[in-house]
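Input: a single structure, listed below in structure tokens.
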Amino acid sequence: MSGRVIGKALARAAALVAIATLALGVLYPFAVGAVGRMAFPWQAQGSIIEADGVKYGSAQVGQPFSDDTHMWGRPTVADATLFQGADGQPLLWYGPDNLSPASQQFAQRVEERVAAVRAAHPDRGNAPVPSDLVTVSGSGFDPHISPAAAEYQVGRISQATGRSPQEVRAIIRQCTEKPLLGVIGQERVNVLEVNLMLDGVLEAVPNR
Amino acid sequence: MSDELGAALFEAAALIALLVAVALPLSSYVVAAMEGAPSMARKVMGPLERGCARIVGARPDDSMGWKRYLVGAVALTVVGMAVLFAILIAQGVLPANPESFPGLPADTAFNMAASFATNTDWQAVAGEARLSYFSQAVGLAVQNFLSPAIGIAVAFALMRGLRSAGAGGLGNFWIDVIRAVLYVLLPLALVGALIGVAQGTPQTLQPYETVQLLEPVGVDAEGNVVEADSPEAVQQVTQAVVPLGPQASQVAIKQLGTNGGGFNGANSASALENPTPLTNLLQCGAIMLLPLTLIFCFGRMVGDRRQGRMLMAVVIAMLAVAVAVCMAAEYAATPQLLDDGAVYVGGVEQSAGNMEGKECRIGTGETALWSVFTTAAAHGSSNGSMAGLTPLSQVVALVLMGLGEVVGGGAGTGLSSLVGFVILTVFIASLMVGRAPEYLGKKIGPAEMRLAVIMVMAPALVMLAAAAVLALVPAASASAGGDGAQGFTNMLYAAVSAGANNGSALGGFEADAPWPNLVLGLEMLLGRLVPIGCAVALAGRMAVLKPSAAQVGALSASGPLFAVLLVAVVLLVGALSLVPALALGPIALATA
Numbered sequence: 001m002s003g004r005v006i007g008k009a010l011a012r013a014a015a016l017v018a019i020a021t022l023a024l025g026v027l028y029p030f031a032v033g034a035v036g037r038m039a040f041p042w043q044a045q046g047s048i049i050e051a052d053g054v055k056y057g058s059a060q061v062g063q064p065f066s067d068d069t070h071m072w073g074r075p076t077v078a079d080a081t082l083f084q085g086a087d088g089q090p091l092l093w094y095g096p097d098n099l100s101p102a103s104q105q106f107a108q109r110v111e112e113r114v115a116a117v118r119a120a121h122p123d124r125g126n127a128p129v130p131s132d133l134v135t136v137s138g139s140g141f142d143p144h145i146s147p148a149a150a151e152y153q154v155g156r157i158s159q160a161t162g163r164s165p166q167e168v169r170a171i172i173r174q175c176t177e178k179p180l181l182g183v184i185g186q187e188r189v190n191v192l193e194v195n196l197m198l199d200g201v202l203e204a205v206p207n208r
Numbered sequence: 001m002s003d004e005l006g007a008a009l010f011e012a013a014a015l016i017a018l019l020v021a022v023a024l025p026l027s028s029y030v031v032a033a034m035e036g037a038p039s040m041a042r043k044v045m046g047p048l049e050r051g052c053a054r055i056v057g058a059r060p061d062d063s064m065g066w067k068r069y070l071v072g073a074v075a076l077t078v079v080g081m082a083v084l085f086a087i088l089i090a091q092g093v094l095p096a097n098p099e100s101f102p103g104l105p106a107d108t109a110f111n112m113a114a115s116f117a118t119n120t121d122w123q124a125v126a127g128e129a130r131l132s133y134f135s136q137a138v139g140l141a142v143q144n145f146l147s148p149a150i151g152i153a154v155a156f157a158l159m160r161g162l163r164s165a166g167a168g169g170l171g172n173f174w175i176d177v178i179r180a181v182l183y184v185l186l187p188l189a190l191v192g193a194l195i196g197v198a199q200g201t202p203q204t205l206q207p208y209e210t211v212q213l214l215e216p217v218g219v220d221a222e223g224n225v226v227e228a229d230s231p232e233a234v235q236q237v238t239q240a241v242v243p244l245g246p247q248a249s250q251v252a253i254k255q256l257g258t259n260g261g262g263f264n265g266a267n268s269a270s271a272l273e274n275p276t277p278l279t280n281l282l283q284c285g286a287i288m289l290l291p292l293t294l295i296f297c298f299g300r301m302v303g304d305r306r307q308g309r310m311l312m313a314v315v316i317a318m319l320a321v322a323v324a325v326c327m328a329a330e331y332a333a334t335p336q337l338l339d340d341g342a343v344y345v346g347g348v349e350q351s352a353g354n355m356e357g358k359e360c361r362i363g364t365g366e367t368a369l370w371s372v373f374t375t376a377a378a379h380g381s382s383n384g385s386m387a388g389l390t391p392l393s394q395v396v397a398l399v400l401m402g403l404g405e406v407v408g409g410g411a412g413t414g415l416s417s418l419v420g421f422v423i424l425t426v427f428i429a430s431l432m433v434g435r436a437p438e439y440l441g442k443k444i445g446p447a448e449m450r451l452a453v454i455m456v457m458a459p460a461l462v463m464l465a466a467a468a469v470l471a472l473v474p475a476a477s478a479s480a481g482g483d484g485a486q487g488f489t490n491m492l493y494a495a496v497s498a499g500a501n502n503g504s505a506l507g508g509f510e511a512d513a514p515w516p517n518l519v520l521g522l523e524m525l526l527g528r529l530v531p532i533g534c535a536v537a538l539a540g541r542m543a544v545l546k547p548s549a550a551q552v553g554a555l556s557a558s559g560p561l562f563a564v565l566l567v568a569v570v571l572l573v574g575a576l577s578l579v580p581a582l583a584l585g586p587i588a589l590a591t592a
């Protein structure tokens, strides 16, 4: 194999990488972004839920909730060291737990979470706790819980907020999305949206 | 069998059937595109193709011998890797860096550059926390197009070599890459990206969003997050970050090109990357689309559709077993989760089974299906935490990767490995019936056998070597992220994932350290370039052999008997190379 063949191949590779960088690295994302901005501006900018000038979060990103007046989501493993705001203040971000569901450490965490959930929901007695309330999601910031996990909390939320169980259930229904064609994916409740409605910040769910 | 498991298996069967149904006509389109046949698409894209070819200095009629073809493939990989390395090192001074991320250290940049140039997409660091928009879109995404295009090009070179009547070259490498991008990858990615944005995946150059937390939390002196009113809290956290960026464009091509490297560390488990059941279905299907399509392309290219159908049957059969085992394990959950009945894992008003590491909008079944697809197809993306899978599912994932890109495999590279196994099987079967081995009418000699054996053994060898280094060098074992069998499983998974050019990971493994960065980076290069070198050389040797007329009583390499033999050979090679290591890791965990 002569050096000339290799040299020529490297030159062609450099030319191809240059075109690809321009076309696939710059034009392609710009084209997608341009269509996105025009047709789906809310989604393209992160599905941010905004009310009265305050940005309360993304509909696609969960937050930790433990207040009695709020619906609780999946347990989070939060971090406040990765990101800082403009004034150097820590910003919250999340990651998965990465524990094997067959490990002793996992068993212990589940037991602790079950105890904490049950202690906050005396009206539920010894009923089994829906699994998504005691397991960490794949991303660590699952924005949803299951309808079973939402229903489990209705009594506690109703008591803490003074709203009737029917009112709480009506809010949950508004924030519930169905599976695609009834079978693909899962029925799920957006926890941040429920809590913003419970707090009276939101009157309706955005963009649905 | 529970109702939920039954329904999930039915859904998986329907999706696989749909994929096969789409792959069949798509293979006709891909063959026409790669062979330069006239088509509607060529009327539209033809001028672009010719423009790119002129700039690169390549002509379609300049058909290459195997050495020139291989030099081209290696040159493009090396140049792509060098450019990506430079971007990652220099991202601190490059534009489109609203979060002001500094350049990556050299060992991390080497690992990531090797990873994305080899279609592995192993990610030593979480993208949203360390990479600028420039690095993601101009660095990683470009390799997400070029690396599968190289794989597809090599697969077509191999098919042309097998088909050749004894004189032909293997085609022009540069033209093949340009065609794979323009006709196959780019149109599909554009459609996928637009659906992604519509469903809720960000696509913007705006900086990350800062939002108010409804419930502030506290941070203790060590930086751990605690409750806001905890006595250990030394500071309150009232705001959270929402990572944005050109995500949709990148997610589409990482799913289609058997790449797998997410914009975010959480990959498609993040609702930003994979917001709805629709995106999950499309992304999951996209993992397997090109690997399956190329199998049908094989039948068309070698002029014997039965070959394509036989290989498809073999791949689907192995895939089906893996899906069934993984789903059964995930729906059964674990005693640790059941907690003596305190936790409800049934399917009424929620997803049944093991929800650890899974998302509520996706559920257990579709996460199990994705986990099988992503490890079968040398893909590496995930829509949940691989670490959250039950031990048996992790064994399935490890076996699928360890078999060496056979059950679908990477775009192009999967088909090449499969052909390597076919040749090995032809050799063994011919010996059994006492015939001279021949495949597609061409005699298989010692040189062809050597190439086929190196091709199928190389991934297993580099995996085991890398696992040994990680386990034996104390500075490397520090990354294991666990003790005993769990720690070994984490290391083994990393080594197998890198060698198979997969890129999925058990999250416990601490990947971003000099030893794993260098060992795994080298492993990814070897696991990619050695099989590609063998495939192109094999193509060159086969191309100069004249096919002979089929002999009476010659072995049929397309019947059911041959298919069974092929599966047996694949499993035997995989078992012999992997079982001892599996026994020390995940099998020990599963039976503990």
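Which chain is which? The protein sequence lines are A and B, in order. Be aware that the first sequence starts at 1, since it is given in the numbering used here, and climbs by one per residue. Be aware that the second sequence starts at 1, since it is given in the numbering used here, and climbs by one per residue. Cβ coordinates follow ideal geometry from the N, Cα and C atoms, glycine included. Predicted model only: the values in this text are computed from it and were never measured.
What do you get for G308(B), buried or exposed, if any count of 16 or more other CB atoms within 10 angstroms of its CB means buried?
Buried: at least 16 other Cβ atoms inside 10 Å.
Quick check: what's the CA-CA separation for G445(B) versus P437(B)?
Distance between the alpha carbons of G445(B) and P437(B): 8 angstroms.
Three or more C-beta pairs under 8 angstroms: does that hold for the segment 340-351 of chain B against the segment 131-145 of chain A?
Yes, since at least three Cβ pairs between the segment 340-351 of chain B and the segment 131-145 of chain A fall closer than 8 angstroms, the two stretches touch.
Note down, in chain order, every chain B residue with its Cβ under 7 angstroms from the Cβ of G88(A).
Within 7 angstroms Cβ-Cβ: nothing; G88(A) doesn't reach chain B, min ~11 angstroms.
Go ahead and pull the three-state DSSP assignment for L607(B).
Past the boundaries of the shown model lies residue 607(B); chain B is included only from 1 to 592, so the question cannot be answered.
Check whether the Cβ atoms of A34(A) and T204(B) lie closer than 8 angstroms to each other.
Taking 8 angstroms as the cut-off, the beta carbon of A34(A) is found no closer than this to the beta carbon of T204(B).
Considering Y183(B), what are the terminal residues of the alpha helix (DSSP H) in which it resides?
Looking at the DSSP string, Y183(B) is not in any alpha helix (DSSP H), and its letter there is neither H nor E.
Below 8 angstroms on the Cβ atoms is my guess for V536(B) versus W66(B); work out the distance and round it to an integer in Å.
Separation of the CB atoms of V536(B) and W66(B) is rounded to 5 angstroms, and the pair is thereby assigned contact status at 8 angstroms.
Any non-hydrogen atom of the ligand MN within 7 angstroms of I89(B) CB:
Summarising the ligand content, the structure contains no ligands, and the ligand MN is consequently not present.
Note down, one range per segment and in chain order, each alpha helix (DSSP H) of at least 4 residues found wholly within the segment 302-357 of chain B.
As far as the segment 302-357 of chain B is concerned, its whole alpha helix (DSSP H) runs of at least 4 residues are 305-332, 335-338.
Given a threshold of 16 other Cβ atoms within 10 Å of its Cβ, counted over all protein chains shown, does R450(B) qualify as buried or as exposed?
Answer is exposed; the Cβ neighbour count stays below 16.
Any C-beta of chain B sitting closer than 8 angstroms to the C-beta of P96(A)?
Chain B contact via Cβ: present.
Among the residues of its own chain, which have a CB less than 6 angstroms from the CB of L440(B), if the five just before and after it don't count?
Excluding sequence positions up to five before and after L440(B), its CB lies within less than 6 angstroms of the CB of L162, V302, all in the same chain and listed in chain order.
In the DSSP assignment, find the alpha helix (DSSP H) that holds T77(B) and state where it starts and stops.
That run of the alpha helix (DSSP H) goes 66-90.
Is it buried or exposed, E366(B), if we count other Cβ atoms within 10 angstroms and call 16 or more buried?
Buried.
Using the beta-carbon of each residue, which ones in chain A are nearer than 7 angstroms to M355(B)?
Going along chain A in sequence order, the residues near M355(B) (Cβ under 7 angstroms) are S131, D132, T135.
Could you pull the DSSP bridge partners for E523(B) from this structure?
As DSSP reads the structure, E523(B) sits in no beta bridge.
Strictly below 9 angstroms CB to CB, what residues from chain A border I454(B)?
Contact of I454(B) with chain A by beta-carbon distance below 9 angstroms is absent, the smallest such distance being about 19 angstroms.
Three-state class that DSSP yields for S58(A) in the structure shown:
S58(A): strand per DSSP, three-state reduction.
Would you mind listing the alpha helix (DSSP H) stretches within the segment 445-512 of chain B that are 4+ residues and don't spill past its ends, in chain order?
Taking 4 residues as the minimum length, the alpha helix (DSSP H) runs contained wholly in the segment 445-512 of chain B are 446-472, 474-477, 484-499, in order along the chain.
Taking the alpha carbon of L525(B) as the point to measure from, which residue in S497(B), S548(B), L538(B), A513(B) has its own alpha carbon closest?
Ranking S497(B), S548(B), L538(B), A513(B) by Cα distance to L525(B) puts S497(B) first.
Grouping DSSP H, G and I as helix and E and B as strand, with all else coil, what is K443(B)?
In this structure, DSSP gives K443(B) an extended state, which the three-state scheme calls strand.
Is any beta-carbon of chain B found at less than 8 angstroms from that of W93(A)?
With 8 angstroms as the cut-off, W93(A) counts as an interface residue toward chain B.
I need the DSSP call for N144(B), collapsed to helix, strand or coil.
The DSSP-derived three-state label of N144(B) is helix.
Taking all protein chains shown into account, decide if N195(A) is buried (16 or more other Cβ within 10 angstroms of its Cβ) or exposed.
Answer is buried; the Cβ neighbour count reaches 16.
Taking the continuous beta strand (DSSP E) assigned at P90(A), which residues delimit it?
Taken as a continuous stretch (DSSP letters only), the beta strand (DSSP E) holding P90(A) covers 90-95.
Our contact map puts L369(B) next to V325(B) with C-beta atoms below 8 angstroms; I'd like the distance itself, whole angstroms only.
Taking the Cβ atoms as the reference, L369(B) lies roughly 12 angstroms from V325(B), outside the contact range of under 8 angstroms.
If you draw a straight line from the C-alpha of G285(B) to the C-alpha of P275(B), how long is it?
Pairing G285(B) with P275(B), the inter-Cα distance amounts to about 16 angstroms.
Using 8 angstroms as the limit for Cβ to Cβ distance, is F145(B) near chain A?
Taking 8 angstroms as the CB threshold, F145(B) lines the interface with chain A.
Runs of beta strand (DSSP E) lying entirely within the segment 179-265 of chain B, each at least 3 residues, in chain order:
Listed in chain order, the complete beta strand (DSSP E) runs (minimum 3 residues) inside the segment 179-265 of chain B are 209-219, 225-227, 235-242.
Quick check on the burial criterion: 16 or more other C-beta atoms within 10 angstroms. Buried or exposed for L181(A)?
Label assigned to L181(A): exposed.
Run of the beta strand (DSSP E) containing V77(A), from where it starts to where it stops
Unbroken beta strand (DSSP E) run through V77(A): 77-84.
If you measure from the beta carbon of D67(A) to each beta carbon in chain B, is any gap under 8 angstroms?
At least one chain B Cβ lies under 8 angstroms of D67(A).
Can you tell me whether DSSP reads N190(A) as helix, strand or coil?
It is a strand residue.
Using a 10 Å radius around the Cβ and a threshold of 16 neighbouring Cβ atoms, would you call R113(A) buried or exposed?
Counting C-beta atoms within 10 angstroms of its own C-beta, R113(A) has 16 or more neighbours from the protein chains shown and is therefore classed as buried.
As assigned by DSSP and simplified to three states, the class of L180(A):
Strand, per DSSP.
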